[in-house]
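J.:
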Amino acid sequence: MAVYKRTYKAYEGALTPAWSRFLILPRSAYGRLMQSKFLVMYLVSCFFFPLGCAAFIYATHNLSFLTALNIPTGPVLKVNNTFFQFFCGFQAGMAVLLTAFVGPGLVAPDLANNALPLYFCRPFTRAQYIFGKMSLLLAMLSAITWVPGLILFLIQSSLAGAGWARENSWIGSSIFIGLLVWDVVLCLIALALSAWIKWRIAAGGAILAVFFAGAGFGTAVNAIVRTQYGSLFDLRRVIGFVFSQLFRELPPTTEVPVSDAWTALAVTSVLCLWLLSKRVKPFEVVK
Amino acid sequence: MTPIVELDGLGVRFGKRDILKDLRVSLSGRTIGLLGPNGAGKSTLIQTLVGFVRPGTGTARVFGHDIRRDPKPIRSLVGYMPENDSFISEMSAVSFTRMMGELSGLPRDAALERAHEALFYVGLGEARYRTLGTYSLGMKQLAKLAQAIVHGPRLLILDEPTNGLDPPARTRMIRLIQEMRESGEMHLLICSHLLRDVEETCEEVLILKQGRIVHFSNLEAERAANQRFVELEAFGQQDGFAEALTGLGCHCESTGAGRLKMTLPVGFEVRDIYRLAAARDLQLRRLNYRRDTLEEIFLKAMES
């Protein structure tokens, strides 16, 4: 066991580069998050659907394998843009729940006991703080959304051949862009609500309310004002429009133009950043 | 002496209210006390120095770095212990202190080693694996001190370090501050409204009132100067005693009932007072060096 002298001495060693210090926050928070068995179980369950999809892709290219197992092989679903759009929609829903579990633990614990002055009295900026906190959730969301999506795309490409991969390379880009945009929006919503609601359970509830109550509110607006623009309050629907455009599955007429859906996502992100800038400060001026 | 903190016409305004007004002073002591009544602007001055608040007018320099232009180098050199609770309740003290060390730029292993050392140093060695949420108020204060010194700052800023501490915990905190001062490794800026804390730990004192500097002095120098004042109380026939002391160069003033207040000339030996009293068969019942206590300095400053 180490024995420490009760004397004070200054530190004279080397320092780490300033740009890398934001990584300290996700590393520290990851350890704390992984202590929750429920979260670990949910995270594992998020990979069941991608595994099922991988098995399905394998099966569609190995019908003889199914026949050998005496599994009837009728008309089989094609692995195409519709398949990947469905995959993205499903995993985007799983990402919402993961955000509701992880998001409240990001900023709220620092605000609950006024820890922010201790971060910002060091050579550490507000932008680094927000980016550091965001990076953990973004990494976890990425691990269940676009990363398995791209792995599925690669599996399909390797089984279907180079011709299919060349012809459908845009699907890979759509998976990456669509899900990354969704992940970033989810991260910003989670951070903003976590910064304003110190009580974790309430913050988690608020994150879910943004998606589920937003849908109800949008429907009510549509019914009362007799418009379709209320759908923009339903973020799951909004990302649905975006996926439809990215996967070239857009119906001839949509409730709202897809450009408005992109604008709604941008406005949501800007609003969240504004809320964060108001809250993530080293001290509070009491008026 | 190289100035540690220089205030150069520093002014801070919140909304329409001036919190700090045209502060000009150069602080160079090993330990500097920042005093003032509630609302005098002490905490705002500290928050301005660490870059939380942007100055409205003027500027300040910490170790020569301008707070407007170089806030990051200043934050690397400074350790800050805030007044209020500041911690993450579910983290253990060692994880928390280590994280703060890493945020200051220490590599992982060095930060862990320094976190252990800092916690042992402040007296939380045995409790370092407990979560901060389970700590008592005194332990939380010590944990705040540990995180402030973990990276080895050159200037340690302590905002009300003895706030809410019971007498033994206060004594321990004061002793730690004195030890750090005597280590010679860092300068300390201590903000407090407890005069006794500042008197026990500080060399220089800066007193603020309504955002302005009303007094700045070196306590050691003031104490040395005040050693020339003596108060004595004698019993017996005192005829000619005051005159005899005046003859030796003292300035005497009777305050009644055998009491005298005297200002001693340079080179005066106190034993001469005993010699004169013995010659007149007087009993000296009390003889004090009268010091201008910090309380008197503070009260004078408040009246000014």
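Each protein sequence line maps, in turn, to chains A and B. If you count by numbering that gives the first Met the number 0, then the first sequence holds residues 0 to 286, one letter each, in order. If you count by numbering that gives the first Met the number 0, then the second sequence holds residues 0 to 303, one letter each, in order. Ideal placement from N, C-alpha and C gives every residue a C-beta, glycine not left out.
Consult DSSP for B:Tyr-288 and reduce its assignment to one of helix, strand or coil.
T.: Within the second sequence, numbered from 1, the residue matching residue 288 of chain B stands at position 289. Note: B:Tyr-288 maps to strand in three-state DSSP.
J.: Alpha carbon to alpha carbon, what distance is there between B:Arg-74 and A:Pro-16?
T.: Residue numbering aside, residue 16 of chain A sits at position 17 when the first sequence is read from its first letter. Residue numbering aside, residue 74 of chain B sits at position 75 when the second sequence is read from its first letter. Straight-line Cα distance between these residues: approximately 15 Å.
J.: List the residues of chain B that A:Ala-114 touches, going by C-beta distances under 7 Å, in chain order.
T.: Working through the first sequence from its first residue, we reach residue 114 of chain A at position 115. Near A:Ala-114 (Cβ distances below 7 Å), the residues of chain B are Ser-85, Phe-86, Ile-87.
J.: For A:Gly-12, go through chain B and note every residue whose CB falls closer than 8 Å to its CB, in chain order.
T.: On the first sequence, position 13 is the one that residue 12 of chain A refers to. Those are Leu-105, Pro-106, Ala-109, listed as they occur along chain B.
J.: Within its chain, find whatever has a CB closer than 6 Å to the CB of B:Phe-86; leave out the 5 residues flanking it on each side and keep chain order.
T.: Walking along the second sequence from the start, residue 86 of chain B turns up at place 87. So the qualifying residues of the chain are Leu-131.
J.: Rounding to the nearest angstrom, what Cα-Cα distance links A:Phe-130 and B:Ala-59 in this structure?
T.: Locating residue 130 of chain A in the first sequence gives position 131, where the first residue counts as 1. Locating residue 59 of chain B in the second sequence gives position 60, where the first residue counts as 1. Using only the alpha carbons, I get a separation of about 30 Å.
J.: Report the option in B:Leu-275, B:Ile-206, B:Glu-232 whose CA atom is closest to the CA atom of B:Glu-294.
T.: One-based indexing of the second sequence puts residue 294 of chain B at position 295. Checked all of B:Leu-275, B:Ile-206, B:Glu-232; the closest Cα to B:Glu-294 is B:Ile-206.
J.: Can the beta-carbon of B:Lys-20 be found closer than 8 Å to that of B:Gly-35?
T.: Within the second sequence, numbered from 1, the residue matching residue 20 of chain B stands at position 21. Within the second sequence, numbered from 1, the residue matching residue 35 of chain B stands at position 36. The answer is no: Cβ separation not under 8 Å.
J.: Mark A:Ala-265 as exposed unless 16 or more other C-beta atoms lie within 10 angstroms of its C-beta, in which case mark it buried.
T.: Against the first sequence, residue 265 of chain A aligns to sequence position 266. Counting Cβ neighbours within 10 Å, A:Ala-265 comes out exposed, since fewer than 16 surround it.
J.: Put A:Met-33 into one of helix, strand or coil per three-state DSSP.
T.: For the purposes of this step, residue 33 of chain A is taken as the residue at position 34 of the first sequence. Three-state result, A:Met-33: coil.
J.: In terms of residue numbering, what span does the alpha helix (DSSP H) encompassing A:Gly-133 cover?
T.: Walking along the first sequence from the start, residue 133 of chain A turns up at place 134. Looking at the sequence shown, residue 133 of chain A is not Gly but Met. 125 to 143 is the extent of the alpha helix (DSSP H) around A:Met-133.
J.: Under 8 Å, Cβ to Cβ, is there at least one residue of chain A near B:Pro-167?
T.: To locate residue 167 of chain B, count along the second sequence from 1; it is residue 168. By this cut-off, B:Pro-167 is not an interface position.
J.: Measure the alpha-carbon distance for A:Gly-104 versus A:Lys-277 and round it to whole angstroms.
T.: As a working mapping, residue 104 of chain A is identified with position 105 in the first sequence. As a working mapping, residue 277 of chain A is identified with position 278 in the first sequence. Straight-line Cα distance between these residues: approximately 19 Å.
J.: Starting from the C-beta of A:Met-0, find all residues in its chain whose C-beta is less than 6 Å away, skip the five residues before and the five after it, and write them out in chain order.
T.: The residue labelled residue 0 of chain A in the question sits at position 1 within the first sequence. Low confidence applies to A:Met-0: its pLDDT is 44, below 50, so where it sits in the model is not reliable, and the reading given next is rough at best. No residues qualify anywhere along the chain.
J.: If you measure beta-carbon to beta-carbon, which residues of the segment 145 to 173 of chain B are closer than 9 Å to chain A?
T.: Residues Gln-146, Ala-147, Ile-148, Val-149, His-150, Gly-151, Pro-152, Arg-153, Ile-156.
J.: Might you give, ordered along the chain, the residues of its own chain that have their beta carbon closer than 7 Å to the beta carbon of A:Leu-179, omitting 5 neighbours on each side?
T.: By one-based count along the first sequence, residue 179 of chain A stands at place 180. Trp-145.
J.: Along the chain, where does the beta strand (DSSP E) that runs through A:Ile-70 open and close?
T.: Counting from 1 along the first sequence, the entry for residue 70 of chain A is found at position 71. Segment: none, A:Ile-70 is in no beta strand (DSSP E) and carries neither H nor E.
J.: Pairs of beta-carbons, one from the segment 103 to 115 of chain B and one from the segment 13 to 30 of chain A, closer than 8 Å: are there three or more?
T.: The segment 103 to 115 of chain B vs the segment 13 to 30 of chain A: in contact.
J.: Short of 7 Å in beta carbon distance, which residues of its chain neighbour A:Ile-154, apart from the five on each side in sequence? Order them along the chain.
T.: On the first sequence, position 155 is the one that residue 154 of chain A refers to. Taken in chain order, the residues that qualify are Ala-53, Ile-56.
J.: Could you check whether the Cβ of A:Ile-23 sits closer than 8 Å to any Cβ belonging to chain B?
T.: As a position in the first sequence, residue 23 of chain A is number 24, starting the count at 1. Judged by the 8 Å Cβ criterion, A:Ile-23 is in contact with chain B.
J.: Alpha carbons only, please: which of A:Thr-267, A:Ala-219, A:Leu-270, A:Ser-27 is nearest the one belonging to A:Ser-134?
T.: Within the first sequence, residue 134 of chain A is the residue found at index 135, counting from 1. That would be A:Ser-27, whose Cα lies nearest to the Cα of A:Ser-134.
J.: Of the residues B:Leu-281, B:Lys-15, B:Ala-233, which one's Cα is nearest the Cα of B:Lys-260?
T.: Sequence index remark: in the second sequence, residue 260 of chain B carries index 261 (1-based). If we check each option's Cα against that of B:Lys-260, B:Ala-233 comes out closest.
J.: Could you give the uninterrupted runs of the alpha helix (DSSP H) lying entirely in the segment 70 to 94 of chain B, keeping only those of 4 residues or more?
T.: Runs of the alpha helix (DSSP H) inside the segment 70 to 94 of chain B: 70 to 76.
J.: Taking only beta-carbon atoms, is A:Phe-123 less than 8 Å away from chain B?
T.: Within the first sequence, numbered from 1, the residue matching residue 123 of chain A stands at position 124. Cβ-Cβ to chain B under 8 Å: yes for A:Phe-123.
J.: Anything in chain B within Cβ reach of A:Leu-136, meaning under 9 Å, just list it in chain order.
T.: Along the first sequence, one-based indexing puts residue 136 of chain A at 137. Neighbours of A:Leu-136 on chain B: none; closest Cβ ~17 Å, over 9 Å.
J.: Who are the neighbours of B:Ser-182 on chain A, taking C-beta pairs under 8 Å?
T.: Reading the second sequence from its first residue, position 183 is the one you call residue 182 of chain B. Near B:Ser-182 (Cβ distances below 8 Å), the residues of chain A are Thr-6, Tyr-7, Lys-8.
J.: At a CB-CB cut-off below 9 Å, which residues of chain A make contact with B:Lys-260?
T.: Stepping through the second sequence from its first residue, residue 260 of chain B is reached at position 261. Near B:Lys-260 there are no residues of chain A at all, since even the closest Cβ is about 43 Å away, more than 9 Å.
J.: For B:Gly-150, count neighbouring C-beta atoms within 10 Å of its own C-beta (all shown protein chains included) and say buried if the count is 16 or more, exposed if not.
T.: The sequence position of residue 150 of chain B within the second sequence is 151, counting from 1. Per the sequence shown, the amino acid found at residue 150 of chain B is His instead of Gly. That one is buried.
J.: So with CB distances below 8 Å, who are the chain A contacts of B:Val-77?
T.: Mapped onto the second sequence, residue 77 of chain B falls at position 78. Correct list: Cys-120.
J.: Could you pull out every residue in the same chain whose Cβ sits closer than 6 Å to the Cβ of A:Ile-196, ignoring the five residues on either side in sequence?
T.: Residue mapping note: residue 196 of chain A aligns to position 197 of the first sequence, counting from 1. Excluding sequence neighbours, A:Ile-196 sits near Ala-202, Ala-205.
J.: Leaving out five residues on either side along the sequence, give the residues of the same chain with a beta carbon under 7 Å from the beta carbon of A:Leu-272.
T.: The residue given as residue 272 of chain A occupies position 273 in the first sequence. Contacts found: Leu-187.
J.: When you compare each of B:Ser-216, B:Lys-71, B:Gly-235, B:Pro-54 to B:Thr-30 by their alpha carbons, which one comes out closest?
T.: Against the second sequence, residue 30 of chain B aligns to sequence position 31. Closest by alpha carbon: B:Ser-216.
J.: Could you pull the DSSP bridge partners for B:Met-261 from this structure?
T.: Position 262 of the second sequence, counted from the start, is the residue given in the question as residue 261 of chain B. Looking at the DSSP assignment, B:Met-261 forms a beta bridge with B:Val-229, B:Cys-251.
J.: Pull out every residue of the segment 99 to 111 of chain A whose Cβ sits closer than 8 Å to any Cβ of chain B, in chain order.
T.: Cβ contacts with chain B come from Pro-108, Asp-109, Ala-111.
J.: With burial defined as no fewer than 16 other Cβ atoms inside 10 Å of the residue's Cβ, what is the status of B:Gly-8: buried or exposed?
T.: Position 9 of the second sequence, counted from the start, is the residue given in the question as residue 8 of chain B. Per the 10 Å Cβ criterion, exposed.
J.: I need the DSSP call for B:Asp-17, collapsed to helix, strand or coil.
T.: Mapped onto the second sequence, residue 17 of chain B falls at position 18. Looking at B:Asp-17 - three-state DSSP - the assignment turns out to be strand.
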